[in-house]
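Using the numbering used here, read the sequence shown as starting at 30 and increasing by one per residue. Note that the Cβ used here is the ideal one computed from N, Cα and C, for glycine as well. All remarks here apply to the structure that follows.
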Amino acid sequence: MPPHVQRFVPLAALLAVTVLWVAHGAWLWGAPFALLFGVALRYESPYRRRRYLALAAAVVVLALAPISTDTSPYNFVLLGAFFLSAIALPALVLWHEDPHPVTFKLLPERLEPLELFYVLLSVPLAWGAFALYFGVLSPEVPFNWSLPRVPDDASLLRLFVGINLVGIWDELFFINVCYAVLRGLFGARTANVAQAVIYTTVLYTMAFRGVGPVFVYLFALTQGAMYERSRALLWVLVVHLIVDYFLFQAIVSAYYPGLSVWWHGRL
Numbered sequence: 030m031p032p033h034v035q036r037f038v039p040l041a042a043l044l045a046v047t048v049l050w051v052a053h054g055a056w057l058w059g060a061p062f063a064l065l066f067g068v069a070l071r072y073e074s075p076y077r078r079r080r081y082l083a084l085a086a087a088v089v090v091l092a093l094a095p096i097s098t099d100t101s102p103y104n105f106v107l108l109g110a111f112f113l114s115a116i117a118l119p120a121l122v123l124w125h126e127d128p129h130p131v132t133f134k135l136l137p138e139r140l141e142p143l144e145l146f147y148v149l150l151s152v153p154l155a156w157g158a159f160a161l162y163f164g165v166l167s168p169e170v171p172f173n174w175s176l177p178r179v180p181d182d183a184s185l186l187r188l189f190v191g192i193n194l195v196g197i198w199d200e201l202f203f204i205n206v207c208y209a210v211l212r213g214l215f216g217a218r219t220a221n222v223a224q225a226v227i228y229t230t231v232l233y234t235m236a237f238r239g240v241g242p243v244f245v246y247l248f249a250l251t252q253g254a255m256y257e258r259s260r261a262l263l264w265v266l267v268v269h270l271i272v273d274y275f276l277f278q279a280i281v282s283a284y285y286p287g288l289s290v291w292w293h294g295r296l
C-alpha cells in the first residue's frame, strides 16, 4: 500500500468504529474495523500510535456510555462520569508529550475582529438553523428531549443546565481533545473533517436525528476552524452556548407553543 494512503488507514478504521459502536451499538460489525485499526497501528511510529490509542480509549468509553437526553439527577451523574472519563483518558495518556496536545487553554493570545464577527454571526445563524431544522425539516426531533405535558420550573431548569453542560463538554472533548490530538497527526483540514465525524456521531446518538447530522457536521467544522485560528477555547465555548440557548428555546417552544421560559422569575 502506498505510504500516503497507508497513513490514513488507522484514522478511517477508527472513524468507522466510532460510527458503528457509538451511534449504532453494532459491536460485531465494528469488530473488523477495530482489528484493522490495531493492525494498522503496528506500522505507525510510537508517537502516532500513542495518540491514536488515546483517542481509541475515549471512543470505547463513549461506546459504553448511556448517551441520552435524560435529565434525571441519576443520569447527570452517570453520564457525566463517562463524559469526564472520555476527556481525562487522552489527557492522562498524552500528559508527558511535549508539546502536550490537550491544553484546556481558555483565552486566546489576542483578539481578532474575525473571531468577534463569528460570535456575532452565530446568533442569527443559530436562530435560523433551528427554525429550519425543528420547524420545517425535522419537527419530531425536539421531542427527543423529555418534558412534562405541563411546564414546571424543575424540569425546565434541568433541561437548561443539562443542555449547557453537554455543550461545554462538546467543545472540551471534540475540539480541545479530538481535534487537538488529530492535529498532531494530520493537517488542519484532515483533522477537522475527522473530529467533525466524531462530533456528529455522538450528537446523533444523543438526539440530533432527521437532518440533524448535516447541521451538526457543518457546525463542528466551523468550530474546528475557529479553534485552529485561536488555539483557545473561549470563542468555541461562547458560540456553543449561544447555540444552546436557541436549542433550549426551540425545544420549549415545540412542547409549549407560545410559552417563553424567561417569565415570572423562572430560570
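First through last residue of the alpha helix (DSSP H) which encompasses residue i
i    : result
W269 : The amino acid at residue 269 is misidentified as Trp; the sequence shows His. Run containing H269: L263 to Y284, per the alpha helix (DSSP H) assignment.
P242 : G241 to S259
Y24  : With the chain covering 30 to 296 only, the question about residue 24 has no answer from this structure.
G54  : No alpha helix (DSSP H) contains G54, which DSSP labels as neither H nor E.
G196 : D182 to D199
I204 : No alpha helix (DSSP H) contains I204, which DSSP labels as neither H nor E.
S114 : P102 to V122
Residue i to residue j span [Cα, whole Å]
i    : j    : result
I204 : E73  : 24 Å
V231 : E138 : 31 Å
I197 : M255 : 16 Å
G294 : L118 : Residue confidence is low: G294 scores 45 on pLDDT, short of 50, so the model does not pin down where it sits. No coordinate-derived value is stated.
W292 : P180 : Its pLDDT being 45, under 50, W292 is placed unreliably in this model, and the value from its coordinates should be taken loosely. So the two alpha carbons sit approximately 12 Å from each other.
G164 : M235 : 19 Å
V243 : V226 : 11 Å
T219 : E169 : 33 Å
N104 : R187 : 11 Å
L211 : T100 : 32 Å
T229 : V245 : 6 Å
L145 : V222 : 24 Å
E141 : V68  : 44 Å
L250 : V152 : 17 Å
R79  : L150 : 38 Å
Y162 : W156 : 10 Å
L247 : Y233 : 13 Å
R260 : V281 : 34 Å
A217 : P286 : 43 Å
C207 : L44  : 12 Å
S114 : L108 : 10 Å
P75  : T132 : 21 Å
G241 : R36  : 31 Å
Short Cβ contact (7 Å threshold) for residue i with residue j
i    : j    : result
F159 : F237 : no
A52  : P171 : no
P128 : A209 : no
I116 : L201 : yes
L64  : A55  : no
G239 : S175 : no
V88  : T47  : yes
F62  : A42  : yes
V268 : V148 : yes
P39  : F66  : yes
L214 : R71  : no
Residue i CB to nearest heavy atom of the ligand FMN below 6 Å
i    : result
Y147 : For the ligand FMN, the structure offers nothing, since it holds no ligand at all.
Worksheet item: Is the segment 124–135 touching the segment 96–107 in the sense that three or more CB pairs, one from each, lie closer than 8 Å?
Response: No, the segment 96–107 does not touch the segment 124–135.
Worksheet item: When the Cβ atoms of the segment 275–288 are set against those of the segment 184–198, are three or more pairs found closer than 8 Å?
Response: When C-beta atoms of the segment 275–288 are compared with those of the segment 184–198, three or more pairs fall below 8 Å, so the two segments count as touching.
Discussion item. So, does the segment 78–87 touch the segment 260–267, judging by three or more C-beta pairs under 8 Å?
Written reply: no
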